[in-house]
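Inspection log for the structure reproduced underneath, given as structure tokens.
See below:
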């Protein structure tokens, strides 16, 4: 028999528990070795697996269906007999919605629809002009946009983006191939037009990933480092940054590869191939699983689309099904907003508490120094709007039933209505820690902590809102665990309030957190002139500084067994973590929110301590810290799926 693929022999990758979903006389699942074939849905087409691996969406003529991964509970979600044809289902990242193509009268013209899984009510999000058709929808990793291809009978295909609400824009208005895929961090999209290109989601010049000719269906690897595509008789893997020559990982001797789909761990590629067979006047399909590094493959049985075959077989885009019962290799503490995330962190870390520290949700200055105060009081740090007590905060106060609540900041930060609402919940003592400004508030917080002669010094203000908080957040868990105050400075100025805190607090040792770009050497010199010994913990950027702080936490006695990951891109979902991490005995580490490789210092730290790390917890929703970050972090830390 002819061999469908030719590659170098090697040991097979570990496929334990993994299954593939494809069309084979309906929707079927099978092992990557082609065994244990299970029919999930008769006559089903275009299967798509939900992000959590529990549900398969598929089409059958004019209807979009859902079925459980084991074939149970088949149910219609959208469309119906006699209606427009439905094709191309694609899940949103949170599994709450499906995008698909609706083609009236079963014709080629189509528009993109979105349906909520909960209520089954569809809505159109594109309206192609006459003579055009939209197809191949694919959601961004954050779920905020859908990319698709628009075919026009009189023009080349273009790539467009639409929000789930229908706000549409053009991204690539030229020949754009027939498929598009998002990078895991959502910053770029990849497509093929003879060659393989990546284009920023916000527009701009495209860059060449790999030269064809004849490249098709590029797909980004789960870790964002590689792109697989087919061209001619081969399957290739290129570096996502465009460096180096693409690697030929498989070459067909019998049929043309058309698709290459990555397994969830990025170790395998599912390959679909087809060839016209003049003998049977049919298309013969082949299927194989290939190691992504090109070291081995498994050939699946040849299946034919002839009318007398036991099953018809099509490979459009095979889907991978995670091992049954497999969980993400990390935990997550997060809610839909920063307020709910802080409450969720509190629920996880505090069974009881006699106090609560409350800070404003939309501004960080007063809360920067609050972590050690909350830890001293055995309290969580919660966030609320400045003019009202958020219902999630009210519910958490009710659960904890504290005898006191400390408000950080004056009435311009947390207004009288907040204080009144707290008292109305039966809290006996409601008091403020509020100075004339953020530096003075930090001084007052310092005065409520044990006098041990030590303090941390961080930048507390910057014209750029992306600055002025990362180093304080990075050190918050260590400050909370050691009850050491966090004092604030400007980049190139020692505020008088901070100088007073150093003098009045008997502080003779200071650790500056952050490099000279955050706290200038002139400030260090001013502090030293007060007779204070100064050391610096810093890295080349916020992530390197966070890794250095994590090392300092280890030296201070914090265990690396449990690591909490917080975004280094914005402060709200990170700010409440400090006192809770200290209470839970966890170590806090900042990372990029979309892709671990964008914060390589965090990945390197996890790799270096993989022998000690037992659990990872992500702080914030998937929009704040993507699942891809969690999976890459778990891989770096040596934590297997299901171990979170």
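In our numbering, the protein residues as written are 68 to 711.
Just so you know, even glycine gets a beta-carbon here, dropped at the ideal spot from N, CA and C.
In DSSP terms, what residue 287 is bridged to = Listed as beta-bridge partners of residue 287 by DSSP are 294.
Assuming residue 558 contacts residue 539 (C-beta within less than 8 Å), just tell me the rounded distance between them. Beta-carbon to beta-carbon, residue 558 and residue 539 are separated by about 13 Å, too far to satisfy the 8 Å threshold.
Problem set entry | Between the CA atoms of residue 644 and residue 566 - distance to the nearest angstrom | In a straight line, the C-alpha of residue 566 is about 28 Å away from that of residue 644.
Is the segment 616-625 close to the segment 642-658, with three or more CB pairs under 8 Å? Output reads yes: the segment 642-658 touches the segment 616-625.
Residue 85 classed as buried or exposed, judged by whether at least 16 other C-beta atoms fall within 10 angstroms: Burial call: buried.
Can you check DSSP and say which residues form a bridge with residue 218? For residue 218, the beta-bridge partners assigned by DSSP are 200.
Just verifying my parser: in three-state terms, what is the DSSP assignment at residue 638?
Looking at residue 638 - three-state DSSP - the assignment turns out to be coil, as it is neither helix nor strand.
Cα separation between residue 598 and residue 504? About 25 Å.
Suppose contacts are defined by Cβ-Cβ distances below 7 Å. Is residue 397 in contact with residue 685 by that definition?
In this structure, residue 397 places its C-beta atom within 7 Å of the C-beta atom of residue 685.
- request: Report the partner residues of residue 423 according to the DSSP bridge assignment.
  value: Note: residue 423 sits in a beta bridge opposite 472.
Requested in this report: Measure the alpha-carbon distance for residue 298 versus residue 335 and round it to whole angstroms.
Outcome: Each residue's alpha carbon lies about 18 Å from the other.
field: Residue closest to residue 313, alpha-carbon to alpha-carbon, out of 321, 233, 262, 189
entry: Among 321, 233, 262, 189, the Cα nearest to that of residue 313 is on 262.
Report task. Give every residue of the same chain whose Cβ lies closer than 7 Å to the Cβ of residue 194, excluding the five residues on either side of it in the sequence, and list them in chain order. Result -> Sequence-distant partners of residue 194 (beyond 5 residues in either direction) whose C-beta falls short of 7 Å from its own C-beta, in its chain, are 178.
Just verifying my parser: in three-state terms, what is the DSSP assignment at residue 565? In the structure shown, residue 565 sits in a helix (DSSP, three-state: H, G or I).
query: Beta-carbon separation of residue 406 and residue 450 under 7 Å?
result: Yes.
Same chain only: Cβ atoms within 6 Å of residue 715, ignoring 5 sequence neighbours per side:
Absent from the model: residue 715. The displayed extent of the chain is 68 to 711, so no value can be given.
Practice prompt. Return the first residue and the last residue of the alpha helix (DSSP H) that residue 672 is part of.
Written response: It spans 667-675 - the alpha helix (DSSP H) in which residue 672 sits, taken as one unbroken run.
Point to revise | Of the listed residues 142, 166, 160, nearest to residue 153 (C-alpha basis) | key: The shortest CA-to-CA distance from residue 153 to any of 142, 166, 160 is the one to 166.
| request: Given a cut-off of 7 Å, decide if residue 672 and residue 614 are closer than it, judged by their beta-carbon atoms. | output: It is a contact, given that the beta carbons lie within the stated cut-off.
Which residues share a DSSP beta bridge with residue 655? In the DSSP secondary-structure assignment, residue 655 is bridged to 631.
Would you call the CB atoms of residue 114 and residue 94 closer than 7 Å?
Between residue 114 and residue 94, the C-beta spacing is below 7 Å.
What residue range is occupied by the uninterrupted alpha helix (DSSP H) comprising residue 432? Here residue 432 belongs to no alpha helix (DSSP H), and DSSP marks it neither H nor E.
- Item | Option nearest residue 424 by Cα separation, candidates 411, 442, 90 | When only C-alpha atoms are compared, the closest one is 442.
query = Helix or strand or just coil, what does DSSP make of residue 586?
reply = The DSSP-derived three-state label of residue 586 is coil.
key: Start and end residues, alpha helix (DSSP H) containing residue 702   = Its alpha helix (DSSP H) spans residues 694-704.
Answer yes or no: do residue 280 and residue 208 have a C-beta to C-beta separation smaller than 7 Å? Cβ distance not < 7 Å, so residue 280 and residue 208 don't count as in contact.
- Under the DSSP definition of a beta bridge, which residues are partnered with residue 479? Answer by DSSP bridge pairing: none, since residue 479 is not bridged.
**Study point:** Three-state secondary structure (DSSP) of residue 262
**Key:** In the three-state reduction of the DSSP assignment, residue 262 falls in the strand class.
Evaluate contact between the segment 139-150 and the segment 196-206, counting only Cβ atoms and requiring at least three cross-stretch pairs below 8 Å. Segments in contact, no.
To the nearest angstrom, report how far apart residue 187 and residue 125 are at their CA atoms. Going from the Cα of residue 187 to the Cα of residue 125 covers about 15 Å.
- Could you give the residue range of the alpha helix (DSSP H) that holds residue 542? Where residue 542 is concerned, the enclosing alpha helix (DSSP H) starts and stops at 537-549.
Below 8 Å on the Cβ atoms is my guess for residue 318 versus residue 339; work out the distance and round it to an integer in Å. Between residue 318 and residue 339 the beta-carbon gap is near 15 Å, outside 8 Å, which marks them as no contact.
Unbroken beta strand (DSSP E) run spanning residue 155, endpoints:
Element bounds for residue 155: 152-158.
Give me, in chain order, the residues of the same chain whose beta-carbon lies closer than 6 Å to that of residue 191; leave out the 5 immediate sequence neighbours on both sides. 178, 180.
Q. Near residue 295, which residues of its chain fall below 6 Å by C-beta distance, leaving aside the five closest residues on each side in sequence?
A. Cβ within range, chain order: 286, 304, 327, 336.
- request: Report back the beta-carbon spacing between residue 136 and residue 120 to the nearest angstrom; my notes put them in contact at under 8 Å.
  value: Between residue 136 and residue 120 a beta carbon distance of about 7 Å is seen, short of the 8 Å cut, so the two are scored as contacting.
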